[in-house]
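Take any residue in the sequence shown, count from 1 to its spot, add 305: that is its number in our numbering.
By construction, the Cβ of each residue, glycine as well, lies at the ideal position given by its N, Cα and C atoms.
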Amino acid sequence: MKPGNLNLPVKTIRRGLPAALVSFCLMSPALAQQGARIASRITLEEAIQTALRHNHTLQAARTTIQQGQAAEITASLRLNPTFFVDWEYLPIFSQPQGQSIPEYLQGATEGDLGLSYLIERGQKRTRRLQAARDTTAVTRASVADNERGLAFQIGSFFINAQLAQSTLDLARQDLDSFQSTVKISEAQYKDGGISENDYLKIKLQLVQFETDVQQAILSKAQALSDLRQQLGYESVPAEYDVVGEFEYRPVVLTLEGLQNKALQNRPDLRAAVLGVRAADSQYALAKANGKQDPTISANYSHVNGINGVTWSFSIPLAIFDRNQGNIAQTRIAIRQAEETQKATSGQVLTDVKDAYEAFLESARIASVYQSSYLEVAQKSRDISEYAYRRGALALIDFLDAERSYRATQLAYRQAVAAYLTALEQLRQAVGTRELI
C-alpha cells in the first residue's frame, strides 16, 4: 500500500479482515509446532547453559553463596547496647504506716534507669567482616568448580546420546542393506541359484540386524533420559533430541599452553588461593578476639527521694584466657591452606597432563580409522556383496565381510565418542571451554 492511499472502502476492510484472521489461525499452529521443534533440539553449548541455569544440585550449591552473604551481614553488625530498669522496695502485703502510697513510693523506694555498652577493641568488627567476605569468596570459587564438573558431565552425557544416535543410524542402514540382500537371496533361491540352506542362513542373520536397531533405540532413550536429569528435568520437553557434529576433527594443542591456561582458570585452584587468604583473616580475627573488651554503663537512680547518676567502667583482666588456643589453631590453619594450595596447583598440572595424553591417544585412534580403515572396510563389503550377488563368493565369506564392516563402523563411532569425551575432559582439566 502506498503512503496516502488509505481511503479503502469499508466493505473491503470487512472482507479482508476475516481472511487475514483465518490465514493467521491456520499458520499459528504450524509456527508453534516449528518453534517447539526448534526448542526440542539442543546443541552441546545450549545443553551446558541450560544445565547451569536449571540443574537442581547446582542451584542448591549456589545457595551457599547467599548464605555466606547473609553471614557477612551478621558479621558487619555492631553490638546492641543493653538497657536496664528496676524499681525496688515496693510494698506488697502491707501498707506503709503514716504514709500514703505516693509518699512512700517517692521517699522510701529505689528506682534505676541505665544503659550499658560493650566496646569492641582490636578492630573485631572489621576483622569479623573480612573473614566472612573471604569465606564467601572461597564458597563462590567452590561453586564455580561445581559448574566446571557439571559442564563435563553434560558433555559426557551429550556425547553418549550422539553415539547412541550414530549407532542407531548405522544399525538402520545395515538393516536396510541386509534386507535388500535377503530379497536378492530369496530370488536366487527361487531361481535355483543358491540352496535353501544358504538362503535360510542369510535370513537368520536378519534377526541380529533387527536386534541391533532395537538395542540402539533403547540406548538412545536411556542416554537422553540421563542427560535430561542433569539439564533439569522440567527444563526440556519430554520429546527432545540432541543435534551437533559427531565426527573426528583434529585440534592442534600444546601441553604448555594448556597448563598455563589451567593455572589461570581453574576455580578449584582459585578456591585454594582464596583459602589461604581466608585462613589469614581467621588468624587476624583470632588475635583480635584475644583483646579484652571494656563495658561502660551509666544509670539514673532515685533513692529515698534523692536523684543521682552513676557511671561505671569494667574490663576483664587477661590473666589466663587470652584466646591462645584459637590463635595457635588458626596459625596452623594458614600452613594447612598453603599446603592445600600447593597440592591443588600440582593436581591441576597433573590433570591437564593426563587429559592431554588421553586426548592425543584418542585422536590417533580416530585418525587411523578415518584415514584408512573405514574406506578399506567399505570397499571390502561392497566387493563381497557384489561378488556374492553374482555367485562368485561363498556365503560364509560374504557374512564375514559384513561382520567386519559393521565392527569397523561401530569401532570408529566409539573412537569418535572417546575423542570427543577426551576433549571435554581436557576442557574440564583446563577450566575453560576455550582451549585455543
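{"Item": "I'd like the span of the beta strand (DSSP E) that includes D503, first residue to last.", "Value": "Not the beta strand (DSSP E): D503 falls in the alpha helix (DSSP H), residues 501 to 536."}
{"Item": "Report the option in T559, G454, V443, G412 whose CA atom is closest to the CA atom of Q372.", "Value": "V443"}
{"Item": "Would you decide whether R346 is buried or exposed? Buried here means 16 or more other CB atoms lie within 10 Å of its CB.", "Value": "exposed"}
{"Item": "Under three-state DSSP, which class holds I424?", "Value": "coil"}
{"Item": "Mapping DSSP to helix, strand and coil, what is Y394?", "Value": "coil"}
{"Item": "Pair every Cβ in the segment 720 to 736 with every Cβ in the segment 661 to 673, then say whether three or more of these pairs are closer than 8 Å.", "Value": "yes"}
{"Item": "Can you tell me the Cα-Cα spacing of L529 and T737, whole angstroms?", "Value": "25 Å"}
{"Item": "With a threshold of 8 Å between beta-carbons, can S586 be considered close to chain D, or not?", "Value": "Reference to chain D is not applicable here, since this structure consists of a single protein chain."}
{"Item": "Rounded to whole angstroms, what's the CA-CA distance from A692 to I499? Just pull it up for me.", "Value": "14 Å"}
{"Item": "What residues match up with V547 in a beta bridge as DSSP calls it?", "Value": "I347"}
{"Item": "For L382, tell me which candidate among Q404, S485, I397, A437 has the shortest Cα-Cα distance.", "Value": "A437"}
{"Item": "Among the candidates S650, K596, D573, R708, whose CA atom is the shortest distance from the CA of G454?", "Value": "D573"}
{"Item": "Would you kindly work out how many angstroms separate the C-alpha atoms of V735 and G562, rounded to a whole number?", "Value": "10 Å"}
{"Item": "Apart from the five residues on each side of it in sequence, which residues of its chain come closer than 6 Å, Cβ to Cβ, to Y674?", "Value": "Y717, A720"}
{"Item": "In three-state DSSP terms, what is V614?", "Value": "strand"}
{"Item": "For Y724, which residues from the same chain have a beta carbon less than 7 Å from its beta carbon, with the 5 sequence-adjacent residues on both sides left out?", "Value": "Y553, S667, A668, A671"}
{"Item": "Please list, in chain order, all residues of the same chain as G412 whose beta carbon is under 7 Å from its beta carbon, the five residues on each side excluded.", "Value": "N609, G610"}
{"Item": "From this set, V681, F551, A727, which residue's C-alpha is nearest Y710's C-alpha?", "Value": "V681"}
{"Item": "List in chain order: all unbroken alpha helix (DSSP H) runs of 4+ residues lying wholly within the segment 641 to 699.", "Value": "679 to 694"}
{"Item": "Give the range of the beta strand (DSSP E) segment to which Y553 is assigned.", "Value": "Careful: Y553 lies outside any beta strand (DSSP E) and carries neither H nor E."}
{"Item": "DSSP three-state call for S490: helix, strand or coil?", "Value": "helix"}
{"Item": "What separation, rounded to the nearest whole angstrom, lies between the Cα atoms of L511 and A356?", "Value": "41 Å"}
{"Item": "Which one or two residues does DSSP pair with D585 in a beta bridge?", "Value": "Partner(s): none; D585 has no beta bridge."}
{"Item": "With a Cβ-Cβ cutoff of 8 Å, do L579 and D439 count as a contact?", "Value": "yes"}
{"Item": "Count the other CB atoms, across all protein chains shown, that sit within 10 Å of the CB of I464; report buried if there are 16 or more and exposed otherwise.", "Value": "buried"}
{"Item": "Under DSSP, the alpha helix (DSSP H) around T368 begins and ends at which residues?", "Value": "361 to 381"}
{"Item": "List the DSSP bridge partners of T600.", "Value": "L423, S619"}
{"Item": "Sort out for me which residues DSSP pairs Q388 with in a bridge.", "Value": "Looking at the sequence provided, one finds Phe at residue 388 rather than Gln. Answer is L420."}
{"Item": "Starting from the C-beta of N628, find all residues in its chain whose C-beta is less than 7 Å away, skip the five residues before and the five after it, and write them out in chain order.", "Value": "A591, N594, G595"}
{"Item": "DSSP has Y605 in a bridge; who is on the other side?", "Value": "L418, V614"}
{"Item": "Determine the direct distance from the alpha carbon of Q513 to that of S772, and round the result to whole angstroms.", "Value": "A query on residue 772 cannot be resolved here, the shown segment of the chain reaching from 306 to 741 and no further."}
{"Item": "To the nearest angstrom, report how far apart T726 and E644 are at their CA atoms.", "Value": "32 Å"}
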